[in-house]
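*Asks:* Starting off with a structure, shown below.
Number of protein chains: 2
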Amino acid sequence: MTDAPPPIFILVRPQLPANIGAAARGMLNFGLDQMRLVAPRDGWPNPRAVAMASGAGRLLDAARCYVSVAEAVADCDYVLATTARPRGITKSVLPPQKAMENARALAAAGKRVGVLFGAERAGLENRDLVPAGAIVSVPVNPDFPSLNLAQCVLLLAYEWRRAAGAPEAFAEIDLAARHDVERLADHWEERLDEAGFFFPPTKAARMKLNLRNLWSRMSLTRADVQTLHGALRQLARRDSN
Amino acid sequence: MTDAPPPIFILVRPQLPANIGAAARGMLNFGLDQMRLVAPRDGWPNPRAVAMASGAGRLLDAARCYVSVAEAVADCDYVLATTARPRGITKSVLPPQKAMENARALAAAGKRVGVLFGAERAGLENRDLVPAGAIVSVPVNPDFPSLNLAQCVLLLAYEWRRAAGAPEAFAEIDLAARHDVERLADHWEERLDEAGFFFPPTKAARMKLNLRNLWSRMSLTRADVQTLHGALRQLARRDSN
Numbered sequence: 074m075t076d077a078p079p080p081i082f083i084l085v086r087p088q089l090p091a092n093i094g095a096a097a098r099g100m101l102n103f104g105l106d107q108m109r110l111v112a113p114r115d116g117w118p119n120p121r122a123v124a125m126a127s128g129a130g131r132l133l134d135a136a137r138c139y140v141s142v143a144e145a146v147a148d149c150d151y152v153l154a155t156t157a158r159p160r161g162i163t164k165s166v167l168p169p170q171k172a173m174e175n176a177r178a179l180a181a182a183g184k185r186v187g188v189l190f191g192a193e194r195a196g197l198e199n200r201d202l203v204p205a206g207a208i209v210s211v212p213v214n215p216d217f218p219s220l221n222l223a224q225c226v227l228l229l230a231y232e233w234r235r236a237a238g239a240p241e242a243f244a245e246i247d248l249a250a251r252h253d254v255e256r257l258a259d260h261w262e263e264r265l266d267e268a269g270f271f272f273p274p275t276k277a278a279r280m281k282l283n284l285r286n287l288w289s290r291m292s293l294t295r296a297d298v299q300t301l302h303g304a305l306r307q308l309a310r311r312d313s314n
Numbered sequence: 074m075t076d077a078p079p080p081i082f083i084l085v086r087p088q089l090p091a092n093i094g095a096a097a098r099g100m101l102n103f104g105l106d107q108m109r110l111v112a113p114r115d116g117w118p119n120p121r122a123v124a125m126a127s128g129a130g131r132l133l134d135a136a137r138c139y140v141s142v143a144e145a146v147a148d149c150d151y152v153l154a155t156t157a158r159p160r161g162i163t164k165s166v167l168p169p170q171k172a173m174e175n176a177r178a179l180a181a182a183g184k185r186v187g188v189l190f191g192a193e194r195a196g197l198e199n200r201d202l203v204p205a206g207a208i209v210s211v212p213v214n215p216d217f218p219s220l221n222l223a224q225c226v227l228l229l230a231y232e233w234r235r236a237a238g239a240p241e242a243f244a245e246i247d248l249a250a251r252h253d254v255e256r257l258a259d260h261w262e263e264r265l266d267e268a269g270f271f272f273p274p275t276k277a278a279r280m281k282l283n284l285r286n287l288w289s290r291m292s293l294t295r296a297d298v299q300t301l302h303g304a305l306r307q308l309a310r311r312d313s314n
């Protein structure tokens, strides 16, 4: 369990460099050191982030910067997304404790887990949630729900550390890598597009998003991914004969 | 339980007004609104604290200021003291979760609980710990233990709320009925059979079983089932044109 790769905390479009620094501190306070950034507003690297990180500057030195969420999670096997308000998204919503227990179990099985955190003001957008297998929602006071980015990171890091002794929930499942699920989603989208499934055109974008969410949410194993590629190939092949 | 008086968070000799404001926000995020201050370095009230508190300014307006810890806890029935390093103190040391569970139980019995937080740099001194019935210690990374004052307040407030028995309002997923999943599995099996997917015949039974397991394992919603029927119909229809 102690050799489990720590989850990667991915800050999506963070605005204030000071919050990135504070997030790095909060992570290191609880033994996490893998940070990634997606399109930080004020550029990267940034000296104001380093100033706020105090002794956690090495996390920032090592933090890689990506242009999109898809690119930032490409090598992750499982993705969690933190958001205060899942609107019309049918994914499991977990409290931080349960989410980090699951992350521990996956990590113990050698899986790489990514956790997405939204920007200070706007949070994550629906399209950012696509790769997520589940949503993490902190049970805040509904009358004053605004959690700062660094605070949200701190709470998840705290729960990661607390979960060190937690039972292993999905350790046995040979989950497909995130990017294999992505390729499966692409394959289905292409073939269904050819088959005229995304109709009417005004609804096509929404239908595609729903279908991608469906694949992400299913905790597909590597064998499942092969089966679903194979089934689709076979169905599509009939047509070309 | 819901009528339990919330614990009073007492900041002892806080230095930075911004941290007092951030602490107020963190408290209100988890439904706490009773703050007291002991000898804040930069005087009180302080506009920089208010600026950082955003919507939690009313906590600061109501926060009373005391000259000593003894005075600040005089009307409390039970006192907890947060510190990273209890040195030669023979009191129980509790993790935040256990401490806040105890605080809930005391509050439910009508007791007023105070929680002491030390200054940013120095923490609490041994003399500050005198009134404490127990010590609360956050299980930080021993190689990087420095928790910011506002972060420590946030974690305790979070655990207070969690200790409520967490009214965990999670999105209810509209899972498909078992027999709808069965019909979906039948539909796929028929179409894939027609498409020659189950080949060679010696492996067909096993492949069918795997595919049925896949649908069962996925926690499909009713909308997912519709989507997967529709996708299959569309793929199969191309052939009959």
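Chains as they are written, first to last, in the numbering used here: chain W, 74 to 314; chain X, 74 to 314. Every residue, glycine too, gets a C-beta built ideally from N, C-alpha and C.
#1: The alpha helix (DSSP H) with glycine 315 of chain W in it runs from where to where?
#2: Applying the criterion that 16 or more other CB atoms from any shown protein chain within 10 Å of the CB defines a buried residue, is serine 141 of chain W buried or exposed?
#3: Pick helix, strand or coil for proline 240 of chain W, following the three-state DSSP scheme.
#4: Counting beta carbon pairs with one atom in the segment 80-97 of chain X and one in the segment 116-135 of chain X, are three or more of them shorter than 8 Å?
#5: Does the beta-carbon of valine 258 of chain W have 16 or more other beta-carbons within 10 angstroms, so that it is buried, or is it exposed?
#6: Could you tell me which chain X residues have their CB closer than 7 Å to the CB of valine 213 of chain W, listed as they occur along the chain?
#7: What does glycine 196 of chain X pair with, by DSSP beta-bridge criteria?
#8: Among the residues of its own chain, which have a CB less than 6 Å from the CB of tyrosine 139 of chain X, if the five just before and after it don't count?
#9: Within 8 Å (strictly less), CB to CB, does asparagine 175 of chain W reach chain X?
#10: Express the C-alpha separation of arginine 235 of chain X and alanine 195 of chain W in angstroms, rounding to a whole number.
#11: Out of curiosity, what's the CA-to-CA distance linking arginine 86 of chain W and alanine 250 of chain W?
#12: What are the boundary residues of the alpha helix (DSSP H) that includes cysteine 149 of chain W?
#13: Count the other CB atoms within 10 Å of the CB of proline 90 of chain W; is the residue buried (16 or more) or exposed (fewer)?
#14: Taking aspartate 253 of chain X as the query, report the chain W residues whose CB atoms sit under 8 Å from its CB, ordered along the chain.
#15: Between the segment 208-228 of chain W and the segment 178-185 of chain W, are three or more C-beta pairs nearer than 8 Å?
#16: Below 8 Å between beta carbons: does that hold for alanine 309 of chain X and arginine 264 of chain X?
#17: Determine the chain X residues that contact glutamine 224 of chain W at a beta-carbon separation under 7 Å, and present them in chain order.
#18: Comparing alpha-carbon positions, which option in W:Cys225, W:Leu282, W:Asp148 lies nearest glutamate 193 of chain W?
#19: For glycine 187 of chain X, which residues in the same chain have their Cβ closer than 6 Å to its Cβ, ignoring the five residues on either side in sequence?
#20: Give me, in chain order, the residues of the same chain whose beta-carbon lies closer than 6 Å to that of alanine 268 of chain W; leave out the 5 immediate sequence neighbours on both sides.
#21: With 8 Å set as the bound, which would you pick, yes or no: does the beta-carbon of glutamate 241 of chain X sit closer than that to a beta-carbon of chain W?
#22: Report the partner residues of methionine 280 of chain X according to the DSSP bridge assignment.
#23: Closest to aspartate 106 of chain X by C-alpha separation, out of X:Asn286, X:Gly116, X:Ala136, would be which residue?
#24: Going straight from the alpha carbon of serine 313 of chain X to that of asparagine 199 of chain W, what length do you get?
#25: Say whether chain X places a C-beta atom closer than 8 Å to the C-beta of phenylalanine 82 of chain W.
#26: Whose C-alpha, out of W:Pro274, W:Leu228, W:Ala207, W:Asp297, is nearest the C-alpha of aspartate 253 of chain W?
#27: Phenylalanine 272 of chain X to alanine 278 of chain W, Cα distance in whole Å?
#28: Between alanine 207 of chain X and leucine 167 of chain X, which are expected to be in contact by the criterion C-beta below 8 Å, what is the C-beta distance as a whole number of angstroms?
#29: Where do the ends of the beta strand (DSSP E) carrying leucine 84 of chain X lie?
#30: Could you tell me the alpha carbon to alpha carbon distance between proline 113 of chain W and glutamine 88 of chain W, rounded to whole angstroms?
#31: What do you get for proline 79 of chain W, buried or exposed, if any count of 16 or more other CB atoms within 10 angstroms of its CB means buried?
#32: Tell me, please, whether the CB atom of proline 304 of chain W is closer than 8 Å to any CB atom in chain X?
#33: Provide the residue span of the beta strand (DSSP E) that contains leucine 132 of chain W, from first to last.
#34: CA-CA distance, threonine 300 of chain X and serine 292 of chain W?
#35: To the nearest whole angstrom, what separates the beta carbons of glutamate 262 of chain X and leucine 284 of chain X, a pair I think is in contact under 8 Å?
#36: Taking all protein chains shown into account, decide if serine 289 of chain X is buried (16 or more other Cβ within 10 angstroms of its Cβ) or exposed.
*Replies:* This is what the structure holds:
#1: Shown here, chain W extends from 74 to 314; a query on residue 315 of chain W therefore has no answer.
#2: exposed
#3: With a pLDDT of only 43 at proline 240 of chain W, under the threshold of 50, the placement of this residue in the model should not be trusted; the figure read from the coordinates follows. Coil, per DSSP.
#4: The answer is yes - the segment 80-97 of chain X touches the segment 116-135 of chain X, with three or more Cβ pairs under 8 Å.
#5: Residue identity differs from the one stated: residue 258 of chain W is alanine in this sequence, not valine. Buried: at least 16 other Cβ atoms inside 10 Å.
#6: Asn102, Phe103
#7: X:Ala192
#8: Val111, Ala145
#9: No, its Cβ sits nowhere closer than 8 Å to a Cβ of chain X.
#10: 25 Å
#11: 24 Å
#12: Per DSSP, cysteine 149 of chain W lies in no alpha helix (DSSP H) segment and is marked neither H nor E.
#13: Label assigned to proline 90 of chain W: buried.
#14: What aspartate 253 of chain X touches in chain W: nothing, since even the nearest Cβ is about 15 Å away.
#15: no
#16: Cβ distance < 8 Å, so alanine 309 of chain X and arginine 264 of chain X count as in contact.
#17: The contacting residues are Gly99, Leu227.
#18: Of the candidates W:Cys225, W:Leu282, W:Asp148, the one whose C-alpha sits nearest the C-alpha of glutamate 193 of chain W is W:Cys225.
#19: Ile81, Ile83, Val146, Cys149, Val152
#20: none
#21: In this prediction, glutamate 241 of chain X scores a pLDDT of 38, lower than 50, which makes its location untrustworthy; the coordinate-derived value is nonetheless stated afterwards. Chain W, which has a Cβ nearer than 8 Å to the Cβ of glutamate 241 of chain X, makes this yes.
#22: Its beta-bridge partners do not exist; DSSP assigns none.
#23: X:Ala136
#24: Only weak support is given to the placement of serine 313 of chain X: the predicted model assigns it a pLDDT of 48, under 50, and the question is left unresolved by the model.
#25: no
#26: W:Asp297
#27: 35 Å
#28: About 5 Å separates the CB atoms of alanine 207 of chain X and leucine 167 of chain X; that is less than 8 Å, so the two are in contact.
#29: 81-85
#30: 6 Å
#31: Burial call: buried.
#32: Checking the sequence, you will find alanine at residue 304 of chain W rather than proline. Answer yes: the Cβ-Cβ gap between alanine 304 of chain W and chain X drops below 8 Å somewhere.
#33: Segment 130-135 is the alpha helix (DSSP H) holding leucine 132 of chain W; no beta strand (DSSP E) there.
#34: 18 Å
#35: 7 Å
#36: exposed
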